[in-house]
Amino acid sequence: MKFEDLANELFLDIFELLDGVDLLHAFHNLNYRVNRLLLIHFRFYHLDFRSLSKNRFDIITENYLRLISDKILSIHLSNDDDTPDLPYLFVSRGYTLNKFINLQSLSLYYIDCFDILNEIIVQCNHLTYLTDLKLIKCYFNSEENDFHCLINNIWNLPKLRKCLLDQINSRKIRLNELSMMSSSIEELSLERMICSLKDLSNLFEHSPCLGRLTVNNISCSKFEQLEIVIRSLTSLKTFFDSSIDSMISLFKKLPNLSHLTLETVKINCNGCQWKQILVNYLGNLKVFRLKMNLNFSPHRNIEKQVNELIDSFRSSFWIEEHQWFVRCDWNPFNITNHAILYTLPYRFDKCFNFDSIFTKSTSPNDKHYWSYDRVQTLSYENSENDLSKDSILFSARFPNLHHLKMSFPFQLDFNSCISSLNRLISLNATLRHTDSTFIQSQDLFYRSIHLYSFRLSYIKHIPMELFRMKSRSIHRLDFLTKFKSNIRYFNNEECLTLINSFLGRQCQVLLIGIENRTSIIDLINQLFNLRSLICQCKDDKSIHSKSSSSSNDELIQWLSNNFPSTYFISRDIKRTSFIRIWIG
Numbered sequence: 001m002k003f004e005d006l007a008n009e010l011f012l013d014i015f016e017l018l019d020g021v022d023l024l025h026a027f028h029n030l031n032y033r034v035n036r037l038l039l040i041h042f043r044f045y046h047l048d049f050r051s052l053s054k055n056r057f058d059i060i061t062e063n064y065l066r067l068i069s070d071k072i073l074s075i076h077l078s079n080d081d082d083t084p085d086l087p088y089l090f091v092s093r094g095y096t097l098n099k100f101i102n103l104q105s106l107s108l109y110y111i112d113c114f115d116i117l118n119e120i121i122v123q124c125n126h127l128t129y130l131t132d133l134k135l136i137k138c139y140f141n142s143e144e145n146d147f148h149c150l151i152n153n154i155w156n157l158p159k160l161r162k163c164l165l166d167q168i169n170s171r172k173i174r175l176n177e178l179s180m181m182s183s184s185i186e187e188l189s190l191e192r193m194i195c196s197l198k199d200l201s202n203l204f205e206h207s208p209c210l211g212r213l214t215v216n217n218i219s220c221s222k223f224e225q226l227e228i229v230i231r232s233l234t235s236l237k238t239f240f241d242s243s244i245d246s247m248i249s250l251f252k253k254l255p256n257l258s259h260l261t262l263e264t265v266k267i268n269c270n271g272c273q274w275k276q277i278l279v280n281y282l283g284n285l286k287v288f289r290l291k292m293n294l295n296f297s298p299h300r301n302i303e304k305q306v307n308e309l310i311d312s313f314r315s316s317f318w319i320e321e322h323q324w325f326v327r328c329d330w331n332p333f334n335i336t337n338h339a340i341l342y343t344l345p346y347r348f349d350k351c352f353n354f355d356s357i358f359t360k361s362t363s364p365n366d367k368h369y370w371s372y373d374r375v376q377t378l379s380y381e382n383s384e385n386d387l388s389k390d391s392i393l394f395s396a397r398f399p400n401l402h403h404l405k406m407s408f409p410f411q412l413d414f415n416s417c418i419s420s421l422n423r424l425i426s427l428n429a430t431l432r433h434t435d436s437t438f439i440q441s442q443d444l445f446y447r448s449i450h451l452y453s454f455r456l457s458y459i460k461h462i463p464m465e466l467f468r469m470k471s472r473s474i475h476r477l478d479f480l481t482k483f484k485s486n487i488r489y490f491n492n493e494e495c496l497t498l499i500n501s502f503l504g505r506q507c508q509v510l511l512i513g514i515e516n517r518t519s520i521i522d523l524i525n526q527l528f529n530l531r532s533l534i535c536q537c538k539d540d541k542s543i544h545s546k547s548s549s550s551s552n553d554e555l556i557q558w559l560s561n562n563f564p565s566t567y568f569i570s571r572d573i574k575r576t577s578f579i580r581i582w583i584g
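All letters in the sequence shown, in the order written, are residues 1 to 584 by UniProt numbering.
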């Protein structure tokens, strides 16, 4: 049987498994029958524009999007380095969100222009099915009034239930001037932002149905109080770095809280103190997930302090009534006497600088709870201490890692922690120039079948052995650093080595510093899979110019003269020394 002979029902079942962008690219114009299935009979589309070439974006927006606008349920638009300036092109082509009348979910990433972002949100005001909104790393330079306008426009969306604001405008947001009432918002996440108790009071006054809240950091002054009793909130996830008294004053106003996920610093509470807090102020709590960052006294034996702390969590309240077991990890050679105490199993998605050597827990079986299933981001650097081979890290398992930051070479025991890398999509590596570095790197590449992005940190000297390594999944290479003084500029010969390497030939997104601008032409013309190039040129004269106009930007003009008009070439608004080229 030929593929074209499949029944219509089977085609439609297959279509439902694919993202709309891939679906249109793969099947449109295959034949008349398939076209009718795509444009007439297929019920809904989910369009993810985050990782595609400009050519594919042009084809979809110019030929198909208007034909299926009433069937689109979700859209992702991103201005990150994979698709530079895509949201601006989307808007400039006359697409307004109010035309997608059945849109249920909208996700916006890295939009750094307030006018564009606010315009998109205002357009959503008439979408009666839009329930989910995500704004992720949309960091723009604007007046404070602009941010208030944006937040009020979000709260004005009539059916919005779930909202994620991740690093919007600035970490210090001010919700105390929120004036629009939302009777629909039930779940809110404020990631990588700081919120005061005054902000929270005003937030809940204008969000009476808000039941689930994630806020990255609740910060309050010594005498600050939550002004209202919040009865709607049943689930809270937060980081708290203020005093115990401030934390208690918050808990007093949350009578119906049943789920609490809490990370703290500056709060050294033992089990007896925590029991008193939970019993007295959070009587309806059913789920308690805790991570305390501690600093033990340098004037007393650390192990004795650990024993006292752990023993305080062995009462019937912890062990029998709730079965809330805890573990304390510490490194006696850490000069700050830092330790971490957390409930088991570990329920946080990040795990940074896991260098503890000793551990104790209240679990009846020490072999339990060593699988850190929730951790998606792990940062690991080899300890200089001779006892690092005994690190408890090597007892842990991280089966669901998405992002890994580490240095090579690493101790072989670390392989047991990352035995499964099937979900790893990004690796941020520091390479030391040794034979074992490249053996280990190549082995990790082979094991990471979905590894998409490879970034090098501290790359003043890039070993050419790197370009002899292979990976069929890596399509994004990042050789740029945050600090201009640390950027490694590739000369013409090194660019040629990259072009002829396995990693270079399959690279789709490249971030690189180059000595000579002519290398840009070589990279784009000879890296046949490349769709986005982000570069910093050592011979860029415009970065010292006060003019912000692209018409006066010498390097932008030079690039525009050397590439087709279908290429979108711009200078990064925030990182002004970076040139962004979306290849079309």
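Glycine residues also receive a C-beta, built at the ideal position from the N, C-alpha and C atoms.
For L52, the three-state secondary structure derived from DSSP is coil. Taking the C-beta atoms as reference points, L226 is found nearer than 8 Å to S201. Straight-line spacing of the CA atoms in K162 and I185 works out to 6 Å. Residue nearest to L86 within the set D522, R50 and E16 is R50 (criterion: CA-CA distance). Take S501, set aside five residues on each side of it, and the residues of its chain with a beta-carbon closer than 6 Å to its own are F467, in chain order.
The residue among L133, I569, D241 and Y346 with its C-alpha nearest the C-alpha of K222 is D241. When Cβ pairs closer than 8 Å are counted between the two stretches, the region 527 to 544 is seen not to touch the region 106 to 126, the count staying below three. Beta-bridge partners of N293 (DSSP): I340.
Cβ atoms of R488 and G513 come within 8 Å of each other, at about 6 Å. The beta carbon of L254 lies closer than 6 Å to those of I230 and L233 in the same chain, with the five residues before and after it left out. Using a Cβ distance threshold of 8 Å, L431 and T437 count as a contacting pair.
Secondary structure at L150: helix, using DSSP grouped into helix, strand and coil. By the Cβ criterion, the region 324 to 340 is in contact with the region 357 to 371, since at least three pairs of Cβ atoms, one from each stretch, lie closer than 8 Å.
By the Cβ test, the region 550 to 560 is not in contact with the region 66 to 84, since fewer than three Cβ pairs between them sit closer than 8 Å.
At a Cβ-Cβ threshold of 8 Å, L262 and R300 do not count as neighbours. Around the beta carbon of H206, 16 or more other beta carbons lie within 10 angstroms, which makes this residue buried. Your pair H450 and N422 checks out as a contact, with CB atoms roughly 7 Å apart and the cut at 8 Å. About 6 Å separates the Cβ atoms of I583 and Y567, confirming a contact at the 8 Å cut-off. About 20 Å separates the beta carbon of F414 from that of R374, a gap too long to meet the 8 Å contact definition. Residue state for T261 is assigned as strand, using DSSP reduced to three classes. Given a length threshold of 4 residues, each whole run of the alpha helix (DSSP H) inside the region 86 to 110 is given here in chain order: 86 to 92. Uninterrupted beta strand (DSSP E) stretches at least 3 residues long and entirely within the region 196 to 282 occur at 212 to 218, 235 to 240 and 259 to 264, given in chain order.
Apart from the 5 residues on each side of it in sequence, T96 sits with its Cβ closer than 8 Å to the Cβ of Q123 in its chain, given in chain order.
In the DSSP assignment, L456 forms a beta bridge with A429. Secondary structure of D478 (DSSP, three-state): strand. In terms of Cβ geometry, I168 and L213 do not form a close pair [threshold 8 Å]. With respect to the 8 Å criterion, N217 and F239 are classified as neighbours on the basis of their beta carbons. By the neighbour-count criterion, in which 16 or more other beta carbons inside 10 Å mark a residue as buried, I521 falls on the exposed side.
Counting every other CB atom within 10 Å of its CB across the protein chains shown gives V279 a total below 16, marking it as exposed. Residue ranges of uninterrupted alpha helix (DSSP H) with 4 or more members, entirely inside the region 518 to 546 and ordered along the chain, are 518 to 526.
Assigned with DSSP and collapsed to three states, T497 falls in helix. L378: not part of any alpha helix (DSSP H); member of the beta strand (DSSP E) spanning T377 to Y380, first to last residue. In this structure, DSSP gives T83 a state outside helix and strand, which the three-state scheme calls coil.
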